[in-house]
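See structure below.
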Amino acid sequence: MVDIKSMTLGELENYIVDLGEKKFRAGQIYDWMHVKLAESFDDMTNLSKDLRQKLSENASLYTMETERVQTSKEDGTQKFLFKTWDGEFVESVKMVYKHGISVCISSQIGCRMGCSFCASTVGGLIRNLTAGEMLEQIYRIQAYCKERVKNVVVMGMGEPLDNYDSLVRFLRLVSDEKGLGISGRNITVSTCGLVERMKQFADEGFTATLALSLHASNQATREALMPVAKSYHIDEVLGACRYYFEKTGRRVTFEYSLADGVNDSDENARQLHELIGDGICHINLIPINPVREGKYRESKKARVIAFKNKLEKYGINVTIRREMGRDIDAACGQLRKRIKDERKG
Ligand code: SAH
C-alpha cells in the first residue's frame, strides 16, 4: 500500500493526478492527514465516496492504535505505547512544561547502537519507522490531549541519524506551514554521534537543535558505555558538533547521563571542561535510569549537584534534566520491552 502520509504535498499531487483525480484533491487530503489528523479515509468527508474508495484500495494512512497510556502521578508525564500495522510497539512520551507540550518520539523500533545502559537496544533493531509513523506519534498524542504540541524531541527509541532519510522527510513535513508547522527551533534531534551523518545533517539547512549523547569525559569511558564510540573518536564527534554549530548557528546540547562511580567524579568534570572548552554549548545532566538488565546505578543526588557546580565553576552552561515519569517506565524502550516480556509469558 502506498504510504501517502510520508509524502510531501508535491509528491501527493503527482500521486493523485496519477490516480486520475484533480490536483487540488491532494491539498484536501494533505490537510486531513496533517492538520485535521484524520484516522481513516472515511473521515475525509469533503472527498467523494468514489475517491475515498480508490484511496483505501491503493494507499494506507498507517494509523497507529493507542495500546496503552500511562500517566505519572509525580509530574503528569504521559507515556504512550502505540501499535503499528505490523504489530510492533512504539513508545512516545508527552511532557508538560511551562512553555507548552513537548513530545518525545521514537525514530526506530529497537536500535542497533548497543549503548550498555539503554533498554531500546536490547533485542537490536527491528525496523526503521517511516516519516509518517514519526508524525503519527505526534498526531495521536495531539488528538488525545486536544492540545497543540509545541516542541518535538527525537529522543525516544532508536538512533534518528541511523534512519536518516525518514528523519529528514519527517522534519520537512512536521515543520511545513501546511501541516503542524512546528519550527525547527522547537525541534531537537538527539544522536549517539554518527559523525558523517551529523555533518550531512548540518548541511540540510534545518534550524533544529542537535543533541549529542556524550556521557563521558574521555574516550575510554565512552567506549565502555557506547560501542559506537569505537567507530568514532570523541574528538571527531566533537568536531562534528562544532561543524554543526558553524553551519547552522545553533548551539549543540550535550547529554550526559551520570552513572555512579563511572563518569561522575570531579576529575570527570575537569576532563569534560578540557574536552569541550569554552565553546557555546549546553550540558544536560541526567542521573542514569537503571534499566532492569543494566549494570549501572544512578549517581547520588549530592554527587549530581557537586558535578553540576564544578562545571558551572568552569563557566559551562548546565542543567540537571528533570527526571520525568520515572514511575511510568519513561526511559527509552523500557515500556515496550516490559510489554514484550509480559506477552512472552
Ligand atoms: N539514539 C539517540 C536518541 C535516543 S536516547 C541518542 O543516542 O542520543 C535519548 C537519550 O537518553 C540519549 O542521550 C541516551 O543516551 C539516553 N538514555 C538512554 N537510556 C538511558 C538510561 N537508562 N538512563 C539515562 N539516559 C538514558
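Numbering (our numbering), first residue to last: 38 to 382. Cβ atoms here follow ideal geometry from the backbone N, Cα and C, with glycine treated the same way. Nothing here was measured: the structure is a model prediction, and the numbers come from that model.
With DSSP as the reference, identify every bridge partner of residue i, one or two as the case may be.
i: Ser-250; result: Glu-292
i: Glu-128; result: Leu-118
i: Gly-147; result: Leu-162
i: Ile-323; result: Ser-294
i: Asn-188; result: Ser-139
i: Arg-105; result: Leu-118
i: Tyr-134; result: Gly-137
i: Glu-335; result: Ala-296
i: Asp-40; result: Ser-97
i: Thr-228; result: Leu-249
Let me check you understand the geometry: is the CB of residue i closer than 8 Å to at least one non-hydrogen atom of the ligand SAH?
i: Pro-264; result: no
i: His-252; result: yes
i: Cys-148; result: yes
i: Leu-249; result: yes
i: Ile-271; result: no
i: Phe-126; result: no
i: Ala-257; result: no
i: Asn-326; result: yes
i: Thr-356; result: no
i: Ile-175; result: no
i: Met-132; result: no
i: Gly-161; result: no
i: Ser-294; result: yes
i: Ser-336; result: no
i: Ala-156; result: yes
i: Ile-323; result: yes
i: Glu-283; result: no
Is residue i helix, strand or coil when you go by DSSP?
i: Glu-233; result: helix
i: Asp-301; result: coil
i: Ser-220; result: coil
i: Thr-244; result: coil
i: Cys-318; result: strand
i: Thr-167; result: coil
i: Ile-353; result: coil
i: Cys-278; result: helix
i: Lys-284; result: helix
i: Gly-193; result: coil
i: Leu-74; result: coil
i: Asn-83; result: coil
i: Glu-214; result: coil
i: Gly-57; result: coil
i: Glu-50; result: helix
i: Asn-344; result: Per the sequence shown, the amino acid found at residue 344 is Phe instead of Asn. Note: Phe-344 maps to helix in three-state DSSP.
i: Thr-258; result: helix
i: Cys-155; result: coil
With a Cβ-Cβ cutoff of 9 Å, do residue i and residue j count as a contact?
i: Val-205; j: Glu-241; result: yes
i: Cys-318; j: Val-341; result: no
i: Arg-177; j: Phe-117; result: yes
i: Ser-139; j: Lys-183; result: no
i: Gly-57; j: Leu-46; result: no
i: Val-106; j: Ile-142; result: no
i: Leu-198; j: Arg-234; result: yes
i: Met-101; j: Leu-92; result: no
i: Leu-348; j: Ile-320; result: yes
i: Asn-95; j: Met-132; result: no
i: Gly-230; j: Gly-195; result: no
i: Gly-286; j: Arg-334; result: no
i: Asn-200; j: Asn-165; result: yes
Buried or exposed: residue i, going by 16 or more other Cβ atoms within 10 Å of its Cβ?
i: Gln-90; result: exposed
i: Thr-167; result: buried
i: Thr-121; result: buried
i: Arg-62; result: buried
i: Ser-336; result: buried
i: Ser-220; result: exposed
i: Tyr-293; result: buried
i: Lys-73; result: exposed
i: His-252; result: buried
i: Tyr-281; result: buried
At a cut-off of 8 Å, would you count residue i as near the ligand PLP, judging by its Cβ distance to the nearest heavy atom?
i: Thr-114; result: With respect to the ligand PLP, the structure shown offers nothing to examine, as its ligands consist of the ligand SAH.
Within the 9 Å Cβ cut-off, does residue i reach chain C?
i: Lys-91; result: This model lacks chain C altogether; it includes just one protein chain.
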